[in-house]
Amino acid sequence: MRTRPFPNLWRRLRRNRLTVTGLVIILLMILFSLLAPSIAPFDPFKQDFSLIMKPMDRVHWFGTDQLGRDILSRILFGSRITITISFFSVCLGMILGSLTGLLAGYYGGRIDSAIVWMTDLALAFPGMLLAIAVIASVGPGLEGIIIATAVYSTPQFIRLARGSALLEKRKEYVAAASCIGETDFSILFRYVLPNCLAPLAVLFTLQMANVILIASGLSFLGLGVQPPSPEWGAMLSQGRTYLQTAPHLSIFPGLAIMIVVLSFNLFGDGLRDALDPRMRV
Amino acid sequence: MGAYIFRRLLMLLPLLVGITLVSFLILQTVPGDPARIIAGMDADEEMVQKVRHQLGLDRSISIQYLNFLTNVIRGDFGLSIRTGHPVVKEILPRFLNSIRLAIASILIALLLGVTAGVTAAWRQNGPVDYGVMLLVLLGISTPTFWSGLLLILIFSISFGLLPSGGAQGWAHLILPAITLAAPSAAIMARMTRSSMLEVLREDYIKMARAKGQTEFRIFINHALRNALIPTVTVAGLQFGYLLGGAVLVETIFNWPGLGWLIVNAIFSRDYPVVQAGVMIFAFCFVLVNLFIDILYTLLDPRVSYQ
Amino acid sequence: MKQASPTPLLKVSDLRVSFHTETGVVRALDGVDLQISEGEIAGLVGETGSGKSVTGNTIMGLIPKPTGYVDGGEILFDGEDLLKLGSEALRRIRGKKISMIFQDPFTSLNPVHRVGDQIMEVIRLHQPITREEAASQACQIMEMVGIPEPSLRLRDFPHQLSGGMRQRIVIAISLACRPRLLIADEPTTSLDVTIQAQVLDLMVDMNQKIGATILLISHDLGVISETCGKIFVMYAGRIIEWSDTKLFFERPLHPYSQGLIACLPRIGERHARLRTIPGTVPDLREVPAGCRFHPRCPRRTEVCQSERPVLEEAEPFHWVACHRWKE
Numbered sequence: 047m048r049t050r051p052f053p054n055l056w057r058r059l060r061r062n063r064l065t066v067t068g069l070v071i072i073l074l075m076i077l078f079s080l081l082a083p084s085i086a087p088f089d090p091f092k093q094d095f096s097l098i099m100k101p102m103d104r105v106h107w108f109g110t111d112q113l114g115r116d117i118l119s120r121i122l123f124g125s126r127i128t129i130t131i132s133f134f135s136v137c138l139g140m141i142l143g144s145l146t147g148l149l150a151g152y153y154g155g156r157i158d159s160a161i162v163w164m165t166d167l168a169l170a171f172p173g174m175l176l177a178i179a180v181i182a183s184v185g186p187g188l189e190g191i192i193i194a195t196a197v198y199s200t201p202q203f204i205r206l207a208r209g210s211a212l213l214e215k216r217k218e219y220v221a222a223a224s225c226i227g228e229t230d231f232s233i234l235f236r237y238v239l240p241n242c243l244a245p246l247a248v249l250f251t252l253q254m255a256n257v258i259l260i261a262s263g264l265s266f267l268g269l270g271v272q273p274p275s276p277e278w279g280a281m282l283s284q285g286r287t288y289l290q291t292a293p294h295l296s297i298f299p300g301l302a303i304m305i306v307v308l309s310f311n312l313f314g315d316g317l318r319d320a321l322d323p324r325m326r327v
Numbered sequence: 112m113g114a115y116i117f118r119r120l121l122m123l124l125p126l127l128v129g130i131t132l133v134s135f136l137i138l139q140t141v142p143g144d145p146a147r148i149i150a151g152m153d154a155d156e157e158m159v160q161k162v163r164h165q166l167g168l169d170r171s172i173s174i175q176y177l178n179f180l181t182n183v184i185r186g187d188f189g190l191s192i193r194t195g196h197p198v199v200k201e202i203l204p205r206f207l208n209s210i211r212l213a214i215a216s217i218l219i220a221l222l223l224g225v226t227a228g229v230t231a232a233w234r235q236n237g238p239v240d241y242g243v244m245l246l247v248l249l250g251i252s253t254p255t256f257w258s259g260l261l262l263i264l265i266f267s268i269s270f271g272l273l274p275s276g277g278a279q280g281w282a283h284l285i286l287p288a289i290t291l292a293a294p295s296a297a298i299m300a301r302m303t304r305s306s307m308l309e310v311l312r313e314d315y316i317k318m319a320r321a322k323g324q325t326e327f328r329i330f331i332n333h334a335l336r337n338a339l340i341p342t343v344t345v346a347g348l349q350f351g352y353l354l355g356g357a358v359l360v361e362t363i364f365n366w367p368g369l370g371w372l373i374v375n376a377i378f379s380r381d382y383p384v385v386q387a388g389v390m391i392f393a394f395c396f397v398l399v400n401l402f403i404d405i406l407y408t409l410l411d412p413r414v415s416y417q
Numbered sequence: 006m007k008q009a010s011p012t013p014l015l016k017v018s019d020l021r022v023s024f025h026t027e028t029g030v031v032r033a034l035d036g037v038d039l040q041i042s043e044g045e046i047a048g049l050v051g052e053t054g055s056g057k058s059v060t061g062n063t064i065m066g067l068i069p070k071p072t073g074y075v076d077g078g079e080i081l082f083d084g085e086d087l088l089k090l091g092s093e094a095l096r097r098i099r100g101k102k103i104s105m106i107f108q109d110p111f112t113s114l115n116p117v118h119r120v121g122d123q124i125m126e127v128i129r130l131h132q133p134i135t136r137e138e139a140a141s142q143a144c145q146i147m148e149m150v151g152i153p154e155p156s157l158r159l160r161d162f163p164h165q166l167s168g169g170m171r172q173r174i175v176i177a178i179s180l181a182c183r184p185r186l187l188i189a190d191e192p193t194t195s196l197d198v199t200i201q202a203q204v205l206d207l208m209v210d211m212n213q214k215i216g217a218t219i220l221l222i223s224h225d226l227g228v229i230s231e232t233c234g235k236i237f238v239m240y241a242g243r244i245i246e247w248s249d250t251k252l253f254f255e256r257p258l259h260p261y262s263q264g265l266i267a268c269l270p271r272i273g274e275r276h277a278r279l280r281t282i283p284g285t286v287p288d289l290r291e292v293p294a295g296c297r298f299h300p301r302c303p304r305r306t307e308v309c310q311s312e313r314p315v316l317e318e319a320e321p322f323h324w325v326a327c328h329r330w331k332e
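Residue numbers (my numbering), protein chains in the order written: chain A, 47 to 327; chain B, 112 to 417; chain C, 6 to 332.
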């Protein structure tokens with residue numbers, strides 16, 4: 047009936063060193079973003095024209111950008127933006143998506159067909175394109191990016207939850223539960239939902255990775271977070287102009303994105319292997 | 112077979128209609144008055160009214176959508192706000208450029224990915240296997256707009272080997288195609304590897320050994336032939352993503368494709384272009400998937416299209 | 006039943022194989038002795054986990070290498086020790102001199118290759134001939150195993166054939182090169198009872214027509230009693246009794262064999278419950294000392310718990326490994 051994957055989970059996770067590395071980096075990133083105001087050596091917005099495009103040195107570990115701002119500090123503050131955007135939108139996607147999917151799968155009928163149609167529709171657009179189309183409607187900016195990435199991540203959650211609901215509702219214990227008078231909601235939340243918690247967790251982690259890429263991509267294009275915000279994608283877009291003379295403007299933000307996305311992918315893969323090596327998310 | 116294709120196309124109709132609906136809604140949900148946007152920010156009220164009437168924006172939403180739909184079916188995507196020319200004329204050459212890039216990328220991705228996956232499966236858990244898996248993780252985690260810049264840095268700027276902008280010749284295709292291909296190659300390597308490993312556990316592989324077949328031929332003729340089937344499916348999906356996701360690579364390399372056009376159109380509020388571009392990419396994606404499904408029935412003798 | 010010839014075609018002596026798994030070392034084979042003469046049909050019977058499939062796989066050299074390890078022993082085939090052969094030499098023997106068929110005919114056939122190609126593959130592996138000649142040889146062997154319209158069947162895919170037909174194809178593949186020895190690992194287990202009979206008849210038929218020596222591995226005593234002239238009983242990685250089949254059923258000597266036969270339900274018998282052998286097969290990672298059967302044996306004594314019994318000749322053509330067979 048209920049699956050309890052958690053008791054051995056930590057032990058199994060710990061076995062894979064790469065997975066642990068991923069988790070450590072994620073936690074570090076969260077830590078940095080929380081402590082950014084205290085640990086950043088400089089003000090990320092402070093322009094200083096005497097310090098334009100300095101290379102890496104002892105004072106400015108990552109150098110300065112075209113307006114004299116310290117890149118390390120900007121990266122640290124940028125992590126707050128990245129974490130906030132991706133966490134909120136994936137959470138949004140997960141809550142909306144799972145609820146919709148569970149209800150669609152469990153009740154079936156026309157509601158289900160409509161939801162399936164909408165999900166297929168959303169997935170008929172290549173990811174980045176879908177996000178861009180949403181931005182075209184709602185306009186660039188912080189809210190736009192959160193809505194766009196939430197729209198991007200919801201369909202996968204719907205599919206997962208719906209699949210799980212379809213599977214479970216045929217099982218006998220569900221029939222038994224409704225026989226003794228349990229309400230549908232109760233059945234959904236007490237029995238069906240816990241059975242898809244494991245793949246949901248894996249999907250959440252992997253979607254974080256994808257959303258970070260999409261969100262920074264949107265900002266890179268100028269459709270997301272606007273300057274002078276130290277968002278990593280936006281920083282890359284500005285650094286691009288000075289690629290030949292000051293490559294460090296472009297190297298560090300991109301490196302930051304890659305490391306964070308990599309850690310989510312590492313942890314997500316490890317989570318999937320620890321929970322069930324044969325799980326297909 | 113023709114009847115089967117026709118039936119599948121028919122089943123796709125709700126999806127295709129949905130795509131046009133989404134595209135239509137883009138203009139409807141734009142902040143501000145569409146008519147004013149199209150007429151121009153400094154047009155007077157009379158002008159705006161004229162435009163509104165001209166474009167049928169004063170009719171009800173359903174009528175507007177029906178007009179939109181009939182126009183799309185006829186191939187009329189309206190006029191570009193920025194240039195005044197028919198959108199189709201603007202889009203077509205850009206679209207072809209995007210396709211060129213996507214095809215080059217998918218070929219590179221297939222070549223690299225399948226080879227890497229097969230090599231990793233050949234010596235499972237060996238150093239090559241771990242190396243490939245590491246590269247796979249890097250491949251899917253690296254943002255293309257960064258790897259592209261790095262490639263430009265190394266090959267164009269430092270060594271002056273390859274051009275970094277425009278689409279004049281084959282040389283211009285190399286860097287963008289490689290950049291775009293990297294994440295797809297990674298996904299295909301992983302898919303091929305796991306597919307191969309699964310197939311290698313099957314009884315018919317044991318049977319082939321019992322016949323006295325060489326390990327190499329077993330790998331290629333027996334295992335790969337089976338493992339390629341799911342890999343081809345993934346390749347199709349990837350092609351679709353390559354079309355839509357190339358916008359970042361197009362921007363970095365100034366590759367005159369449709370993705371770049373769409374993004375510019377968003378900034379210049381040229382909504383007819385945005386609508387048409389989004390629709391075309393989505394249609395392409397859906398059709399490519401259909402093609403892959405049909406290909407699947409040809410590749411796997413167990414699946415018939417009856 | 007053909008007479009036993011002086012030098013056995015296959016002689017396995019003291020074969021020991023272990024598997025190194027995450028949870029421990031599994032001693033799958035702990036001193037297996039087998040002798041099969043040319044033209045015989047021998048049966049290897051045992052429960053799941055007794056090591057009978059491992060025996061067959063080891064003779065073929067199909068043990069998965071990193072985990073499986075041959076610890077010792079000899080496999081003399083036609084005088085040559087297979088364990089000392091290099092992989093290339095072994096490969097040339099497989100399919101041509103020794104071939105093997107497996108339990109499930111559906112999964113033994115490659116789903117994307119045509120059936121004819123799969124038969125021709127083994128033919129062309131061991132003979133340098135053209136496709137046309139290989140095709141005609143394939144048709145020949147298909148006819149011999151009773152497949153109707155062979156030339157039409159060549160282009161079929163496995164999923165288009167019935168279970169019995171698939172097993173015939175598998176047998177055709179294994180006999181296409183007229184091997185001296187055919188190892189059949191549970192060939193009838195996943196087939197319908199009616200098809201089972203057909204396949205067994207086919208194997209006996211092939212033994213007589215082509216002269217293929219057969220080692221039939223099964224857990225089903227009934228199947229073995231019907232087809233095999235000689236029977237080897239295996240328990241927990243060892244041969245505990247072997248003899249001429251008729252003698253075996255007339256007078257089974259080892260307590261395990263007696264238990265096995267007693268378990269067979271007989272028509273006309275009346276019992277309240279089916280008889281079983283109490284206990285379970287030992288975990289091969291931690292085998293009991295001495296005689297491996299002693300925890301479940303009704304006749305065990307002190308010596309059984311410490312000393313391993315050796316195979317001794319109780320009567321002509323009947324050997325047993327038990328300290329107390331005389332009772």
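Quick reminder that beta carbons are idealized off the backbone N, C-alpha and C, glycines included.
If you're wondering where the values come from, they're calculated on a predicted model, not measured in any experiment.
Which residue marks the beginning of the beta strand (DSSP E) containing residue i, and which one marks its end?
i: TRP247(C); result: 243-249
Assuming contact is defined by CB atoms lying nearer than 7 Å, are residue i and residue j in contact in what I supplied?
i: ILE219(C); j: ALA177(C); result: no
i: VAL307(A); j: SER252(B); result: yes
i: LEU258(C); j: ALA326(C); result: no
i: GLY323(B); j: PHE396(B); result: no
i: MET125(C); j: ALA139(C); result: yes
i: THR251(A); j: PHE313(A); result: yes
i: SER258(B); j: ASP381(B); result: no
i: ALA321(B); j: MET105(C); result: yes
i: ASP419(B); j: SER113(C); result: Missing from the structure shown is residue 419(B); chain B here goes from 112 to 417 and no further.
Rounded to the nearest angstrom, what separates residue i and residue j at their Cα positions?
i: PRO125(B); j: ASP404(B); result: 18 Å
i: ASP322(A); j: LEU148(A); result: 21 Å
i: ILE41(C); j: ALA217(C); result: 12 Å
i: ALA227(B); j: PHE394(B); result: 31 Å
i: ILE377(B); j: PRO204(B); result: 19 Å
i: PHE78(A); j: LEU122(A); result: 6 Å
i: CYS268(C); j: LEU252(C); result: 18 Å
i: LYS235(C); j: THR194(C); result: 20 Å
Can you find a heavy atom of the ligand COA that lies under 6 Å from the Cβ of residue i?
i: PHE162(C); result: Ligands in the displayed structure: none, and consequently the ligand COA is not present.
Quick check on the burial criterion: 16 or more other C-beta atoms within 10 angstroms. Buried or exposed for residue i?
i: CYS225(A); result: exposed
i: VAL315(C); result: exposed
i: SER216(B); result: buried
i: GLY347(B); result: buried
i: PHE108(A); result: buried
i: TRP281(B); result: exposed
i: PHE231(A); result: exposed
Could you spell out where the alpha helix (DSSP H) holding residue i opens and where it closes?
i: TYR115(B); result: 113-139
i: GLU45(C); result: No alpha helix (DSSP H) holds GLU45(C); DSSP gives it neither H nor E.
i: PHE394(B); result: 382-410
i: LEU55(A); result: 55-61
i: THR293(B); result: Residue identity differs from the one stated: residue 293(B) is Ala in this sequence, not Thr. 281-311 is the span of the alpha helix (DSSP H), which, as asked, contains ALA293(B).
i: GLY355(B); result: 336-356
In three-state terms, what does DSSP make of residue i?
i: ALA33(C); result: strand
i: PRO197(B); result: strand
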